[in-house]
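Here the structure is laid out as structure tokens; the discussion comes afterwards.
Numbering (the working numbering), first residue to last: 795 to 885.
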């Protein structure tokens with residue numbers, strides 16, 4: 795079960811997200827559903843199309859099932875998704 799304590803070790807595709815902070819000011823406020831993830835980026839489906847947001851310099855607010863929202867520093871997400879799920883992560 796995905797929770798705020800283990801969100802970094804779970805699949806993010808399908809979750810709703812808001813870019814709370816980013817090095818590129820045009821990325822701040824982008825919100826939608828995560829539809830793809832690479833080592834360095836999240837692809838977010840918004841009402842205005844797809845946006846590819848770099849993980850490293852962004853802070854994301856991810857809505858978990860049950861309406862819980864967790865804030866995640868994107869630099870903690872930088873890894874291939876399948877490898878990140880099996881990594882030991884310090885919280």
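Heads up, the beta-carbon is just placed ideally off N, CA and C, and yes, glycines get one too.
1. So for residue 819, helix, strand or coil by DSSP?
2. Kindly indicate which residue of 797, 802 and 795 has the alpha-carbon position closest to the one of residue 879.
3. Restricting to Cα atoms, I'd like to know which of 855, 834 and 795 is closest to residue 877.
4. Between which two residues does the beta strand (DSSP E) carrying residue 957 extend?
5. With 16 other CB atoms within 10 Å as the buried threshold, where does residue 844 fall?
6. Are the CB atoms of residue 828 and residue 809 within a distance shorter than 8 Å?
7. Nearest to residue 867 by CA position, among 820, 848, 842 and 859, is which residue?
8. Can you tell me the Cα-Cα spacing of residue 795 and residue 805, whole angstroms?
9. Closer than 7 Å to a non-hydrogen atom of the ligand PLP - does that hold for the CB of residue 854?
So, from the data block:
1. helix
2. 802
3. 834
4. This structure gives no information on residue 957, because the portion of the chain shown stretches from 795 to 885.
5. exposed
6. yes
7. Looking at the Cα atoms, 848 is the closest of the given residues.
8. 11 Å
9. Among the components modelled here there is no ligand, and therefore nothing to report on the ligand PLP.
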